[in-house]
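Written below as structure tokens is the structure these notes are about.
2 protein chains.
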Amino acid sequence: MESRKQAILRAVVHEFTTSAVPVGSQALQSRYFVNLSSATIRSELADLADLGYLTQPHTSAGRVPTDSGYRYFVDFLMDLEPIPERVRAYIHDELNTAPADEQGMVERVAMTLAAVTQNASVASAPQGSLARIKHVDLVSLEPKEVLLILLLEGNLLRQQVVETSEGATQALLTRLAARLNAALSGRASDEARRRYESAPLGLEKELLGRVIAVLDVYEKGSDNLVVHDGVRNLLRQPEFAESSRVHQVLEVLEETRYLTVLLRQLIGNSDLQIVIGSENASSQLQGCAVVLTTYGPSDRLKGVLGVIGPTRMAYSQTVARLQAVARSASDRMAALGV
Amino acid sequence: MESRKQAILRAVVHEFTTSAVPVGSQALQSRYFVNLSSATIRSELADLADLGYLTQPHTSAGRVPTDSGYRYFVDFLMDLEPIPERVRAYIHDELNTAPADEQGMVERVAMTLAAVTQNASVASAPQGSLARIKHVDLVSLEPKEVLLILLLEGNLLRQQVVETSEGATQALLTRLAARLNAALSGRASDEARRRYESAPLGLEKELLGRVIAVLDVYEKGSDNLVVHDGVRNLLRQPEFAESSRVHQVLEVLEETRYLTVLLRQLIGNSDLQIVIGSENASSQLQGCAVVLTTYGPSDRLKGVLGVIGPTRMAYSQTVARLQAVARSASDRMAALGV
DNA sequence: GGTCAGCACTCTACCGGGGAGAGTGCTAAT
DNA sequence: ATTAGCACTCTCCCCGGTAGAGTGCTGACC
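Quick mapping for you: the protein sequence lines, in order, are chains Y and B. Take the first sequence: its position 283, counting from 1, is numbered 318 in our numbering, and each next residue is one higher. Take the second sequence: its position 68, counting from 1, is numbered 103 in our numbering, and each next residue is one higher.
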């Protein structure tokens, strides 16, 4: 595309994302292209409309980017907006005072992301395909009930109440835990599976079985924590003035299974993904754009982080800040998770 | 108040909560009081309006209950609506398949409550004033970094990364954990405080100090988990058609500190509290009603459970179902928490 | 061929008037 | 105390007319 057309498309996107009002040739002329006439701009706009990048709400209105218009902008025209020092400091502070536990951390990440992008955010807890076990603990609850506590890499705690076939004193459980720790701690989950195969029948095998069950759930990600925040930010945008639009977005966010699907989209893809309007699989997200990236304490442990807003979103700002949050969060988790 | 006035007020509340349309004398006459004339009903309505229980959106519209009207209804006229067997079964199923950990449980409770009341829900994790310690564990992370894991009654896990002044091997930490368990497990938090006072300087005292810090945070409730769900249900109601109303509610729900204040209101009060419209401390909840109760595995461990909806809420249904959810959740937690 | 001024055209948003409908309060009779 | 009848009030909705914004097109200019 000729560079002037590109410049005009960029200007339309920029103008529309800030004003939310369809942009006309005069506005463009006075604010962006003082040495072009509005007639020339009009003919360029008409061309861009023919190419499918712009559309008009009605005949005598200004132009609005289409989903493909935004796509072209994002793919070819966007350059990341620098992040103000204040925002950078805010991100840093919020994440470095975040709680060390999984849930507190993920919630803080989502909160921070929503605040700095002024959109809705989602975050899923980091998760790896072959979990490493750091520590195992067994606590006697009732004669035949044991609480199994598992500490995984990333300092993730998992607990499960186990009904055992034979009773066990705390003293016995403590010895058993010591044995399990000697065998498993610092090892990956496959070691637990190996030991389970070769273990003789008895309490130890029983408990190893439950350890494996917990690891399975974790590795399949079926208990994966997903949080969202910042829906209130969306309500400031005119596209969510009628609450039916909010309703659709909230259905996606509050129904965790939808969200999980959404986040799975990222797996196996590049580290930054932008899904615009009709590109969304879910029909409820028409008119919305989703910007996704990954984060986590290490290469093997990754969660997904995303921003959800109207397609009329300040993409260059959103992407920059999303990446900054992802980086800060990853750093912080790496420092904690060891 | 004469019983006929009461009957009419009850009818107005019932009619308005189901139809959301101001109710007129004719509608009342044909649906509730066939052997009274509409003129008689009109004069009763006028009386009820004088008493402050009803109001009209405009001169020639039907009547709508005021906040005091709802208050009178709730205090004197409401009788709990029986819960259909299907709903009862749903509650039971959802809560009995809930995860055993704190966060999973609280989220499931909020989700269930939102589903059966068709309103927004909030739930805070149960919390006690004098925590009982079930188990302590110490895991070596780096030479001078220890992960402290604390299991409290209700099977609540708390973790904290502790920087120690002296390095310690895992073997030493394991022995230390055994000592701490012997001293603390089964005891309440004051025992930890006593031992801290009398402990000689050193790693043990250092760690005891962190145990106490964790207990403090827990007992002050400042890390108290609060979740909400079901905002999408509100959007089906006409009072939330303009999204500015949703915005106000979401600000309360997403700003956890507001929510914490809201839930604190219940402490020291009766086990069922209904806050209607202007009775709300927060101005953002004008037009909303909040119904609150407590739940938890034991008398000492209580969380707050609440329903948030428009003042035009089916109070008798909401209260009945809220209490049913609270009871089922409490039972389930008692069975798990031991 | 690109650029541009001028102009007719189109469509929305807004305003005010008028009629239908719902529901009231009042009055007078029972 | 209850009720039928009636005038009154207010909203909602439809309608037409207008101002304004922005377009597309045409013809001239470089």
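Beta carbons are placed, not taken as given, at the ideal position from N, Cα and C, and that holds for glycine. Just so it is clear, the structure is predicted and the values come from calculations on it, not from any experiment.
Measure the beta-carbon distance from residue i to residue j and round it to whole angstroms, keeping in mind my assumption that it falls under 8 Å.
i        : j        : result
B/Arg367 : B/Asn131 : 6 Å
Y/Asn311 : Y/Tyr105 : First, the residue type needs correcting, since residue 311 of chain Y is Ile and not Asn in the sequence shown. Y/Ile311 to Y/Tyr105, Cβ: 5 Å. Contact.
B/Ser159 : B/Val261 : 5 Å
Y/His282 : B/Arg347 : Not really, about 19 Å apart at Cβ, beyond 8 Å.
Y/Gln64  : Y/Ile76  : 6 Å
Y/Cys323 : Y/Val360 : Not really, about 19 Å apart at Cβ, beyond 8 Å.
B/Ala166 : B/Glu188 : 7 Å
B/Leu215 : B/Leu238 : Not really, about 11 Å apart at Cβ, beyond 8 Å.
Mind pulling the chain B residues with CB within less than 7 Å of residue i?
i        : result
Y/Asn387 : Beyond the ends of chain Y as shown, which are 36 and 373, falls residue 387 of chain Y; an answer cannot be given.
Y/Val281 : Leu270, Ser278 and Val281
Y/Leu294 : Near Y/Leu294 there are no residues of chain B at all, since even the closest Cβ is about 13 Å away, more than 7 Å.
Y/Gln138 : Gln138
So is residue i buried or exposed if we call it buried at 16+ other beta carbons inside 10 Å?
i        : result
Y/Ser78  : exposed
Y/Gly221 : exposed
B/Glu50  : buried
B/Glu142 : buried
B/Phe111 : exposed
Y/Asp172 : buried
B/Gly87  : exposed
B/Asp264 : buried
B/Asp409 : With chain B represented from 36 up to 373, any question about residue 409 of chain B goes unanswered, as that position is not in the structure.
B/Lys414 : Nothing about residue 414 of chain B can be reported from this structure: the residues present for chain B run from 36 to 373 only.
Y/Leu148 : buried
B/Glu120 : exposed
B/Glu376 : With chain B running from 36 to 373 in the structure shown, residue 376 of chain B is simply not present.
Y/Ala150 : buried
B/Pro117 : exposed
Y/Arg280 : buried
What residues of chain Y sit near residue i, judged by a beta carbon separation below 7 Å?
i        : result
B/Lys169 : Val174
B/Leu371 : Val196
On the three-state DSSP scale, how would you describe residue i?
i        : result
Y/Ala361 : helix
Y/Gln321 : coil
B/Gln61  : helix
Y/Thr328 : strand
B/Ser156 : strand
Y/Ser224 : helix
Y/Glu116 : coil
Y/Val240 : The sequence shown places Lys at residue 240 of chain Y, rather than the Val named in the question. Note: Y/Lys240 maps to helix in three-state DSSP.
Y/Pro273 : helix
Y/Glu37  : coil
B/Val56  : coil
Y/Lys179 : coil
B/Glu198 : strand
Distance, Cα to Cα, residue i vs residue j?
i        : j        : result
Y/Ala369 : Y/Leu192 : 16 Å
B/Leu182 : B/Leu243 : 13 Å
B/Ala213 : B/Leu219 : 10 Å
B/Ala135 : B/Asn190 : 8 Å
Y/Gln205 : B/Gln205 : 20 Å
Y/Gly202 : Y/Thr209 : 14 Å
Y/Asp225 : Y/Val174 : 24 Å
B/Thr295 : Y/His93  : 48 Å
B/Ser313 : Y/Arg228 : 60 Å
Y/Leu80  : Y/Gln41  : 11 Å
Y/Gln138 : B/Gln138 : 8 Å
Y/Met113 : Y/Tyr350 : 8 Å
Y/Ala124 : Y/Ser156 : 19 Å
Y/Leu44  : Y/Arg98  : 10 Å
Y/His127 : Y/Ser305 : 25 Å
B/Ile247 : Y/Ala145 : 29 Å
B/Leu185 : B/Ala234 : 19 Å
B/Tyr293 : B/Val287 : 6 Å
Y/Pro100 : Y/Leu89  : 4 Å
B/Leu307 : B/Val354 : 8 Å
B/Tyr195 : Y/Leu297 : Residue identity check: residue 195 of chain B is Gln in the sequence provided, not Tyr. Distance between the alpha carbons of B/Gln195 and Y/Leu297: 32 Å.
B/Gln162 : B/Leu250 : 11 Å
B/Glu198 : Y/Ala223 : 26 Å
Could you tell me which chain B residues have their CB closer than 8 Å to the CB of residue i, listed as they occur along the chain?
i        : result
Y/Val266 : Val266, Leu285 and Glu289
Y/Ala135 : Gln194, Gln195 and Val196
Y/Phe275 : Ser278
Name the chain B residues that come within less than 9 Å of residue i, Cβ to Cβ?
i        : result
Y/Leu186 : Asp172, Val174, Leu182, Ile184 and Gln194
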